[in-house]
Amino acid sequence: MKALRNTWYVAALAKELDAQAFLSRKLLDVSVLMYRKADGTPVAMQDRCPHRFAPLSLGKRVGDEVQCLYHGLRFDSNGACTHSPHGDGQVPARACVRSFSLVERYGFLWIWMGDANRADAKLIPHYPLLDNPLPTAVAHGYMHMPANYELIVDNVMDLSHVDHVHGPLLNTAGHLSPQKPPVTEDSNSVLVRWEWQQHPPMGLFAPLLPDPAGEAEQFVQVQWTAPSNMFLTVGAVQGSRDYERGLISWDFHLVTPESETSTHYFFGSLRNFMVDNGAFNDAKLENMIHTFKTEDEPLIAAQQAEMGTTDFWSLKPALLSCDTASVKARRRLQKLIDEENASPQNAARAAMRATA
Amino acid sequence: MKALRNTWYVAALAKELDAQAFLSRKLLDVSVLMYRKADGTPVAMQDRCPHRFAPLSLGKRVGDEVQCLYHGLRFDSNGACTHSPHGDGQVPARACVRSFSLVERYGFLWIWMGDANRADAKLIPHYPLLDNPLPTAVAHGYMHMPANYELIVDNVMDLSHVDHVHGPLLNTAGHLSPQKPPVTEDSNSVLVRWEWQQHPPMGLFAPLLPDPAGEAEQFVQVQWTAPSNMFLTVGAVQGSRDYERGLISWDFHLVTPESETSTHYFFGSLRNFMVDNGAFNDAKLENMIHTFKTEDEPLIAAQQAEMGTTDFWSLKPALLSCDTASVKARRRLQKLIDEENASPQNAARAAMRATA
Amino acid sequence: MKALRNTWYVAALAKELDAQAFLSRKLLDVSVLMYRKADGTPVAMQDRCPHRFAPLSLGKRVGDEVQCLYHGLRFDSNGACTHSPHGDGQVPARACVRSFSLVERYGFLWIWMGDANRADAKLIPHYPLLDNPLPTAVAHGYMHMPANYELIVDNVMDLSHVDHVHGPLLNTAGHLSPQKPPVTEDSNSVLVRWEWQQHPPMGLFAPLLPDPAGEAEQFVQVQWTAPSNMFLTVGAVQGSRDYERGLISWDFHLVTPESETSTHYFFGSLRNFMVDNGAFNDAKLENMIHTFKTEDEPLIAAQQAEMGTTDFWSLKPALLSCDTASVKARRRLQKLIDEENASPQNAARAAMRATA
Chain A
4 MKALRNTWYV AALAKELDAQ AFLSRKLLDV SVLMYRKADG TPVAMQDRCP HRFAPLSLGK
64 RVGDEVQCLY HGLRFDSNGA CTHSPHGDGQ VPARACVRSF SLVERYGFLW IWMGDANRAD
124 AKLIPHYPLL DNPLPTAVAH GYMHMPANYE LIVDNVMDLS HVDHVHGPLL NTAGHLSPQK
184 PPVTEDSNSV LVRWEWQQHP PMGLFAPLLP DPAGEAEQFV QVQWTAPSNM FLTVGAVQGS
244 RDYERGLISW DFHLVTPESE TSTHYFFGSL RNFMVDNGAF NDAKLENMIH TFKTEDEPLI
304 AAQQAEMGTT DFWSLKPALL SCDTASVKAR RRLQKLIDEE NASPQNAARA AMRATA
Chain B
4 MKALRNTWYV AALAKELDAQ AFLSRKLLDV SVLMYRKADG TPVAMQDRCP HRFAPLSLGK
64 RVGDEVQCLY HGLRFDSNGA CTHSPHGDGQ VPARACVRSF SLVERYGFLW IWMGDANRAD
124 AKLIPHYPLL DNPLPTAVAH GYMHMPANYE LIVDNVMDLS HVDHVHGPLL NTAGHLSPQK
184 PPVTEDSNSV LVRWEWQQHP PMGLFAPLLP DPAGEAEQFV QVQWTAPSNM FLTVGAVQGS
244 RDYERGLISW DFHLVTPESE TSTHYFFGSL RNFMVDNGAF NDAKLENMIH TFKTEDEPLI
304 AAQQAEMGTT DFWSLKPALL SCDTASVKAR RRLQKLIDEE NASPQNAARA AMRATA
Chain C
4 MKALRNTWYV AALAKELDAQ AFLSRKLLDV SVLMYRKADG TPVAMQDRCP HRFAPLSLGK
64 RVGDEVQCLY HGLRFDSNGA CTHSPHGDGQ VPARACVRSF SLVERYGFLW IWMGDANRAD
124 AKLIPHYPLL DNPLPTAVAH GYMHMPANYE LIVDNVMDLS HVDHVHGPLL NTAGHLSPQK
184 PPVTEDSNSV LVRWEWQQHP PMGLFAPLLP DPAGEAEQFV QVQWTAPSNM FLTVGAVQGS
244 RDYERGLISW DFHLVTPESE TSTHYFFGSL RNFMVDNGAF NDAKLENMIH TFKTEDEPLI
304 AAQQAEMGTT DFWSLKPALL SCDTASVKAR RRLQKLIDEE NASPQNAARA AMRATA
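Chains as they are written, first to last, in our numbering: chain A, 4 to 359; chain B, 4 to 359; chain C, 4 to 359.
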């Protein structure tokens, strides 16, 4: 499948990986086994025994190691075979499992599916806002989406769709579409920002603003970084344009391809209001997931079904002003993938993978 | 998929398209959106927004226009974009939807999926019998069939199968198979006709004949016209061979490919008896559908499953005398498709379609 | 699909084919119709009418012949068309069904899917043990398995997996894996044998041994013959190594490809103990099937899902000492398939099949 490999993807929410159980998830068409060592360190390796290709996740934990159900080969968390019960116990060189760097940060587990030598935790996106928040002020969520991950990036990078798709909670009342929102880029990111007045304010904020039925200054900005991480800042204030004095919600939408036509959608959400209200925190997460599942997903799944696996550009889309940011993100990602594929080193690796 | 494109197909029953709702149906592997304008005129266009390829049928009516759910683009019934809520409202040239001629006639909606410039309503088959009948004397029906449309044409063009497949309602008691029914052709059609004596008569007619247990003169003829329209006349009379004095049923079997392995099966049915009995009319339609669903469909679906998408001729069928009409229909259709594909104009269009 | 064709496969248990009913089963991707003639002789032919490719199994018996439901063509048990109700009853040369030799032996029906001229019943594996046993001493079973047949051969040829996969009934308590079991070959077979002491004995034998909680001498050997027939002998004795005085179970595991990714798994089971106890016989078969369905199948199905249709060797398996016998079986089968494909005669036939 078409995807950047030398990059960090979210593989799971930190809370999805409990102390004991295995978690098996397909990422970029590869079956990945994740678990925590006794000291809590999360680890990841291919969920495939190198002997007969049974999923290791059917096996069991032996301390910090994994024992294959089928013939009892045991692997440490680096994928090295530490024990074979067979014959004289000799372990052939091939009996090693591909392991992946897996780093816990910001409530997510980040995985590097590319060249292991290039896995550098400094390349994980910097989301300091997610560090050390009050537990009642931050929520992490996960959804499975039956669509290619770039369709989800398109969705988030072009929030003009909110005018048309979303109900009262996220209603923007048609204020986004008429804008040509400024799009700014640096070496690493694409950023798009909308500002507008709305009366009454968006349902997410209205009940918490001084005048729930009055006019509010609102804004939303989305910062994309490769391959498919989006950081949203959404705000509303009344009586001034000093957004810092208003309500702000920060939302991280981090999507990871499962296959050509399905995606793992992770998010993290914070805010500067009602931060010590755990019930509000839970309800906000639940409402967000409900909104995506009922308003975005049917549309994106239908779009996926209509497009199939035909290349997006080959369908010659009619581009509108609202597409600027999503198209820039698509093109930057494509450029990175092309560079990755063109690198002689990676071409050699790809050839090895193909015969591995 | 293999199909003639420059021709009229039935896309829906007229009654399937109500005053307000959208109807979305896949025809020749293309998603088609149909609806009626306020004045009742039926219209059809590709069910795919040219912007991001969401199905337009998820959107809404705005007067006689269609508004895409995803980003609010609006299209008139010719597929022209009449409104974009984005930026300065400019509409790019590509923002148009492919529309299709859709003509209401004989209780059906006829669609032209080929070169729009060649869509000529005069080419719709002439079925004057279906004009202005008593409402209680005509019935229109629809079935979805999990098989290639040519297998259904084969079925109807070779009614010798009735001897073997069908129960009391359509029982022909072995009288058709021994015949070598005359097959006549003109530039436009293939016609096959069987005549025989049957004792007692076919269940469809027996209760309405003077002597339900006696002998009847019966006949059935099927006229095929390209691509896959079949007009059946079925009759029974007692005491003479003057069929005009007997009972006659006229049945139109009109099939439209959905995909390589599935078909929309439409029919219209009239008769010269009990014409003002609406309950009889309803029961006859229901019995007809029941017969197809329980007697023909399991067989044709199994035939499709056994053949897969292998070309019929490559399987080297053993041909019998009963196959004459169905083989002529297959060959004439193939010739039309070959001619269509060979036309330089269409070859160019096909190339454009492939990259569109 | 990759499979040897000029060989005998089990197509069904003899008891699956009753006196009247058709049995239709896909073997090597070919739909096969089986039934018994009035004298009990089992016969097999392709389950596809040569006229319009409807499955003959939808039709009916007419004496020892088969009549197609669709148009009434009738075929004798050699696949020759004996009657056409059409026209003058002429039967075209192509109107014949491919028939297969089907031989009833040892409670199984053996089919030859290759070159009919080479079907020689002498090539059926010799399993005299299965001749004339007490009805209460022999059991025959069938399971459908969602995996390629070679994965099942691997499973049975490497019984070290029993140490890891199986519960109390077949528990070997880790005694098999440490062995490098001797593997012997002759022109026709691969044989592997394990011997060990176990305390308490395997659950299958323990309750029937003099000292159910004591130590037993145990052994198991598996003889593979092409293409995928495995004959197991399993035994336990106490107080000596004279296995002939102990308990012995003989188990025939005979697997036939259905498709690239699914298999018909047949078995026959005998023993030298409690031979006149029919209830024990039934329970042993039921336990065996239960063990396979709950302990082996989930593993092998997951292995299949993880491998997909990728060639086993291209995945570069890490081979262990326990793999010797299964790898020898795989290589011998591959050699036979390569020889079959390389034969000019068969290459011609394959080409004919491809266009048939």
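From the three backbone atoms N, C-alpha and C, an ideal C-beta is built for every residue, glycine too.
Cβ-based burial, residue i [other Cβ within 10 Å; buried from 16]
i	result
A:Leu137	exposed
B:Ser272	buried
A:Asp189	exposed
B:Asp245	exposed
B:Glu309	buried
C:Arg334	exposed
A:Glu247	exposed
A:His147	exposed
A:His129	exposed
B:Thr313	exposed
B:Thr297	exposed
Residue i (DSSP reduced to helix, strand or coil)
i	result
B:Phe295	helix
A:Thr10	coil
C:Ala359	Only weak support exists for where C:Ala359 lies, its pLDDT of 48 falling under 50; the coordinates are left without a value.
C:Thr139	helix
A:Arg39	strand
B:Pro131	helix
B:Met310	helix
Span separating the alpha-carbon of residue i from that of residue j
i	j	result
C:Ala359	B:Ala305	Its pLDDT being 48, under 50, C:Ala359 is placed unreliably by the model, and the measurement read from it follows with that caveat. If you take the alpha carbons of C:Ala359 and B:Ala305, they lie about 20 Å apart.
B:Leu172	B:His202	14 Å
B:Met4	A:Ser317	20 Å
A:Thr85	A:Phe111	29 Å
B:Lys319	C:Pro53	8 Å
B:Ala332	B:Met291	24 Å
B:Leu76	A:His167	10 Å
B:His164	C:His74	5 Å
C:Asp161	A:Met116	33 Å
C:Thr294	C:Leu61	35 Å
C:Gly311	C:Glu263	10 Å
B:Gly249	B:Leu207	13 Å
C:Asp91	B:Gly177	14 Å
C:Leu72	C:Val65	12 Å
B:Pro204	B:Pro213	11 Å
A:Glu261	C:Asp50	40 Å
B:His169	C:Pro88	16 Å
*Name, going along the chain, the residues of the region 47-68 of chain A whose beta-carbon falls closer than 8 Å to a beta-carbon of chain C.*
Asp50, Arg51, Pro53, His54, Arg55, Phe56, Ala57, Pro58, Leu61
Scan the region 285-314 of chain B for residues whose Cβ lies nearer than 7 Å to a Cβ of chain C and list them as they occur along the chain.
-> Leu302, Ala305, Gln306, Glu309, Met310
Q. Do the region 43-63 of chain C and the region 86-106 of chain C make contact, defined as three or more Cβ pairs closer than 8 Å?
A. yes
Contact the region 93-103 of chain B vs the region 335-345 of chain A: 3+ CB pairs below 8 Å: no
task = Give, in chain order, every residue of the region 72-89 of chain B whose Cβ lies closer than 7 Å to some Cβ of chain A.
result = Leu72, Tyr73, His74, Gly75, Ser87, Pro88, His89
Check: Got a sec: which bits of the region 318-336 of chain A sit with their beta carbon under 8 Å from any beta carbon on chain C, in order along the chain?
Finding: none
- Task: With 8 Å as the C-beta to C-beta threshold (strictly closer), list the residues of the region 170-203 of chain C near chain A in chain order.
- Result: Gly177, Ser180, Pro181, Gln182, Lys183
Could you list the residues in the region 19-47 of chain C with a C-beta less than 8 Å from some C-beta on chain B, going in chain order?
Ser34
### Query
How do the region 297-317 of chain B and the region 55-62 of chain C stand: do at least 3 beta-carbon pairs fall below 8 Å, yes or no?
yes
| said: If the cut-off is 8 Å on Cβ atoms, which residues from the region 252-286 of chain A count as contacting chain B, listed in chain order? | reply: none
Original post:
Is the region 121-138 of chain A touching the region 152-171 of chain A in the sense that three or more CB pairs, one from each, lie closer than 8 Å?
Top reply: no
Pairing CB atoms from the region 131-146 of chain C with CB atoms from the region 276-288 of chain C, are three or more of them under 8 Å?
-> yes
inquiry  = Counting only Cβ-Cβ distances shorter than 9 Å, please list the residues of the region 90-111 of chain C near chain B, keeping chain order.
reply    = Gly90, Asp91, Gly92, Gln93, Val94, Pro95, Ala96, Arg97, Ala98, Cys99
Okay, do the region 257-277 of chain A and the region 227-239 of chain A touch, 3+ Cβ pairs below 8 Å being the bar? yes
* Okay, do the region 176-190 of chain B and the region 6-20 of chain C touch, 3+ Cβ pairs below 8 Å being the bar? -> no
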